[in-house]
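Worksheet for the structure shown next.
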Amino acid sequence: MAYKDEQLIEEKVFKDPVHRYIHVRDRAVWDLIATPEFQRLRRIKQLGTTNLTFHGAEHSRFNHSLGVYEIVRRITNNFADRERWDREQRLLCLCAALLHDLGHGPFSHSFEKVFKLDHEQFTQKIILGDTKVNHILKKVSADFPEKVADVIAKTYSDKLVVSLISSQIDADRMDYLQRDAYFTGVSYGHFDMERILRVMRPMDDQVVIKSTGMHAVEDYIMSRYQMYWQVYFHPVTRSAEVILSKIFQRARVLYEDDTYQFQLEPTHFISFFEERVKLSDYLKLDDMIVYYYFQQWQEEKDDILADLCYRFINRHLFKYVEYNPDPQINAGMELYQLFKKAGINPDYYLVVDSSSDLPYDFYRPGEEEERLPIHLLMPDGGLKELSRHSDIVEAISGKKRTDHKLYFPKDRIQAIEDTELKKRILDILYGKE
C-alpha cells in the first residue's frame, strides 16, 4: 500500500476540551505529530503573554494545531460525497491544517517585531528544509512538501483547499476562537461550529455557507470581534508585550556594545542579533529558553535589562493611559524630555502601542490584504455576499478600529524626588493640564 493511503491499525485519539476527541487514522498525520518540529509546539504558548491577564491561558500551539486539523478532518469527511470536491486533496488538507503554525517562535508576534522575522517564512523553511517533517511529507510524494507549503502560503492552485485553512471563515479561526475562549474563561468566543460545518458547501474556489446557516455565521463574526477587543488586545497583555519587546531591544543594544560583558551570555540569541538566523537556531528557541534567560538576566549589571526582566517575570507591569498620537504629539515629545530629565530612559519606559482589527470585509480587489468575502448559497443556487444579506455583518463590514495606549512605569514616576517635575509628568499623563 502506498504511504499516502496507509492507515493505522487502530485509530488514535487525543482527548480535547474543545472538540471532545481529535481522531487520527492516517499514518502520515500520526508520523508528523511525532516529529521534533511539531512536538516543539508544545513549548510555545498559543497566546504569548495573555496568561498574565487571564491566568488560564496556558495552552500551546500544539493544542491549537491539532484542533485545526480536527476541524478540517470533519469538513473533508462532510465533503466526501459532494460534487466539486476532489477527494484526492483530503490528505493535503489535513497536513496543511496540522502544520500551518509550525514556524511560530516564542512569544511569536513580539519576537517577530523586534527581530524583523516572519513565522510564515519559517513554516515554509521547516516544511521544505532538511527536517523530519520534510522527510515524512516526501514519503507521500516528491512534490508533496511543496504542495503543503503552497496551501499554507495561499499560493496553491486549488483555492477551495486554501480557503479551508485561510479565509474569513476557516478552520484556523474556528479553533482559536473557541480554544482561547475556553482557556481564558471568557464567554465571547463561543458560537455554533457544528451548525456552520453542517451548512458548509464546496464551490469552485472557496467554501460557501447555505443561507439557512447565516445566523450561526453572524454569531461567529461577532465572537471574533469581541475576542479581539476583550482578549487579544487587552491593555494589560499589551503591557507585558511592550516589556518583552524592550527586553529583547535592550539585550541587543548591550550585545552590540563591545564594552558590556553579560553575566549570562545570550548564546541562543546571537544569530538573531547578528541577523544571520539559521533554521537550526530558530528551532532551538521556545518559551522555556526565553524564560530562563529572563530569569537569569534579573541579576545583570545593566539596570535597565535587569529591571525589565524583573517586571516581566514578576508581573510588575507598566501602567497605561489612552493616547491619540496626532493631537497629543506635542505632549508626547514633552514627556520624552521630562523622562530624560528625571533619569528614566524614555526609549524603554515610555512606549506608544497601537492595535487595530478589521472584523470582516467585503471584496476589495487589488488591495494589499485582499480578502475573499463569505458567500451565502441561496435557495435558487446563486451566491450572495454575507454583508448584503445580514444587517449585523453590514454594520461592521470594512470598519477598521484602532486603539492607542501610552505605557509607562508609574512606580518610577512616583519615586521622582523633584516634586515639580513629577507633578508635570503626571499632569500630562492624566490630562490634568
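Residue 1 is where the sequence shown starts when you use UniProt numbering, and the numbers rise one by one after that.
Just so it is clear, CB atoms sit at the ideal spot from N, CA and C, and this is done for glycine as well.
Using the three-state DSSP reduction, which class does D5 fall into: helix, strand or coil? helix
Which first and last residues belong to the alpha helix (DSSP H) in which T131 is found? From DSSP, T131 is part of no alpha helix (DSSP H); its letter is neither H nor E.
Which residues DSSP lists as bridging E385, in chain order: H375
Tell me whether D26 is buried or exposed, calling it buried when 16 or more other Cβ atoms sit within 10 Å of its Cβ. buried
Among V231, K423, G381, K399, which has the Cα closest to the Cα of S387? K399
Assign H23 to one of three DSSP states: helix, strand, or coil. strand
In the segment 264–336, which residue ranges form an unbroken beta strand (DSSP E) of at least 3 residues, counting only runs that do not cross its ends? 319–322
What's the C-alpha gap between L376 and R73? 22 Å
How is Y407 classed by DSSP in three states: helix, strand or coil? strand
Residue nearest to H100 in terms of C-alpha spacing, selected from G129, V68, E88: V68
Tell me, to the nearest whole angstrom, how far the beta carbon of L160 is from that of S223; I am working on the premise that it is less than 8 Å. Incorrect: roughly 24 Å between the Cβ atoms, too far for contact.
Can you list the alpha helix (DSSP H) stretches of 4 or more residues lying completely in the segment 150–223, in chain order? 159–165, 171–184, 193–199
Look up T402 in the DSSP assignment and give the residues it is bridged to. S356
Please look up how many angstroms separate the CB atoms of I413 and I425, rounded, as I've assumed it's under 8 Å. 6 Å
Opposite F14 in the DSSP bridges: which residues? I22
Secondary structure of S245, DSSP reduced to three states: helix
Within 8 Å, strictly: CB atoms of A342 and I289: no
Sorted by chain position, which residues of the same chain lie with C-beta nearer than 8 Å to V242's C-beta, five sequence neighbours on each side aside? F318, V351, D353, Y407
Where does S110 sit, in a helix, a strand or coil, going by DSSP? helix
Between which two residues does the alpha helix (DSSP H) carrying V231 extend? Taken as a continuous stretch (DSSP letters only), V231 belongs to no alpha helix (DSSP H), as it is neither H nor E.
Buried or exposed for Y320, please, with buried defined as at least 16 other CB atoms from any protein chain shown within 10 angstroms of its CB. buried
Identify whether K139 lies in helix, strand or coil by the three-state DSSP scheme. helix
Could you round the C-beta distance between residue 507 and E58 to whole angstroms and report it? I think they count as a contact, below 8 Å. Residue numbering for the chain in the displayed model covers 1 to 433; residue 507 lies beyond these limits and cannot be assessed.
What residue does the alpha helix (DSSP H) around I344 start on, and which one ends it? Unbroken run through I344: none, as it is neither H nor E.
Neighbourhood of N345 by C-beta distance below 7 Å, restricted to the same chain and skipping five residues each side: I304
Residues in its own chain within less than 8 Å of Y323 by CB, not counting five upstream and five downstream? G332, V352, H404, K405, L406
What span of residues does the alpha helix (DSSP H) with F38 cover, start to end? 36–39
Using the three-state DSSP reduction, which class does S397 fall into: helix, strand or coil? coil
Does the Cβ-Cβ distance between A251 and F269 come in under 8 Å? yes
For K45: DSSP bridge partner residues: S60
Pair within 8 Å by beta-carbon distance, Y360 and Q168: yes
Beta-carbon proximity check, I75 vs L102, cutoff 8 Å: no
Rounded straight-line distance, which links the Cα of H119 to that of K113: 11 Å
For R238, I'd like the list of residues in its chain whose CB is within less than 6 Å of its CB, leaving aside the five on either flank, ordered along the chain. D353
Inter-residue Cα distance where the pair is L338 and L421: 7 Å
Please confirm whether Q46 and D180 have their CB atoms less than 8 Å apart. yes
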